[in-house]
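Residues 200 to 383, numbered by the working numbering, are exactly what the sequence shown covers, in order.
Presented below is the structure to which this report refers.
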Amino acid sequence: MPLILFNKPYQVMCQFSPHPTRASLADYIDIPNIYPAGRLDADSEGLLLLTDDGRLQHRISHPDSDKRKTYLVQVDGIPGKAVLERLRAPLDLGDFITLPCQAGRVEAPDWLWPRDPPIRQRQDQPTSWLAITLSEGKNRQIRRMTAAVGLPTLRLVRIAIGPFSLATHPLLPGEAMQVDAGGL
């Protein structure tokens with residue numbers, strides 16, 4: 200089966216089984232026997248890959264696969280050069296040390312959809328956007344990384360996994376499309 204690209208909306212659970220208070224993948228995708236290759240927590244948005252091929256799922260999601268994942272991260276505050284260097288270098292998060300990553304300031308792309316509900320805005324605290332590319336993906340890693348350098352995450356959107364990107368495969372939240380899995 201081809202690979203399914205899905206733009207997971209905010210607050211949707213990354214599972215097909217019903218959840219008592221939130222929508223799940225089953226509310227958006229009606230294809231039997233497919234599973235997410237990796238996860239996004241409920242308060243994260245963006246690109247999710249799904250497949251019925253167990254070997255492909257493992258190849259995409261296993262940490263040794265080196266499938267880079269890129270995130271747009273809106274943070275509370277404006278990072279200086281030293282903070283960006285700390286994000287890029289291995290960062291001790293207590294229970295593990297991150298691998299080096301790419302991190303830099305960016306403007307929010309014009310194709311990025313507004314979040315529903317919108318993030319909180321404070322008059323006295325500016326926000327900024329970062330692009331962070333990881334070769335690993337531990338639970339809540341980006342949120343923990345930005346918090347560790349004093350920049351709490353306000354919004355987290357995964358925009359790319361390996362060769363697949365929402366910039367080149369534009370999908371609004373809740374939309375899905377089939378693609379050829381070649382290149383994975």
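The C-beta atom is built at its ideal place from N, Cα and C for all residues, glycine as well.
*Is the beta carbon of F363 less than 7 Å from the beta carbon of L204?*
yes
*Under 7 Å Cβ to Cβ from F295, same chain only, skipping five residues before and after it: list those, please.*
K337
*Would you mind reading off the limits of the alpha helix (DSSP H) that contains I360?*
Not the alpha helix (DSSP H): I360 falls in the beta strand (DSSP E), residues T352 to I360.
*asked:* Going by DSSP, what residue range makes up the alpha helix (DSSP H) through I259?
replied: G253 to S260
*What residues are listed by DSSP as bridge partners for W328?*
Q273 and V305
*asked:* Taking the alpha-carbon of G361 as reference, which of L255, T297 and K280 has the nearest alpha-carbon?
replied: L255
*Assign I228 to one of three DSSP states: helix, strand, or coil.*
coil
_Of the residues N232, V272 and G253, the one placed nearest E244, counting alpha carbons only_ = V272
*Same chain, Cβ closer than 6 Å to V211, five either side skipped, listed in chain order*: A222
*asked:* Quick check: does the Cβ of G245 come within less than 6 Å of any heavy atom belonging to the ligand COA?
replied: Judged by which ligands are present, the structure shown has none, so any question about the ligand COA falls away.
*asked:* Check this for me: beta carbons of T352 and R339, under 7 Å apart or not?
replied: no
*Considering only the beta carbon of each residue, do I318 and R267 sit closer than 7 Å?*
no
*Would you check if there are 3 or more beta carbon pairs closer than 8 Å linking the stretch 275-287 to the stretch 231-244?*
no
_Could you check whether T332 and H301 sit closer than 7 Å to each other, using their CB atoms as the reference points?_
Per the sequence shown, the amino acid found at residue 301 is Gln instead of His. Yes. Within cutoff.
*Roughly how many angstroms lie between the CA atoms of H368 and R258, to the nearest whole one?*
21 Å
*Can you give the beta carbon distance from W310 to A366, rounded, assuming they're within the 8 Å contact cut?*
7 Å
*Please check the pair R285 and V348, which I expect to be a contact at CB under 8 Å, by giving their CB distance rounded to whole angstroms.*
5 Å
*What distance in whole Å lies between the Cβ atoms of T269 and A307, which are believed to be in contact at a cut-off of 8 Å?*
That belief does not hold up - the Cβ atoms of A307 and T269 are roughly 14 Å apart, past 8 Å.
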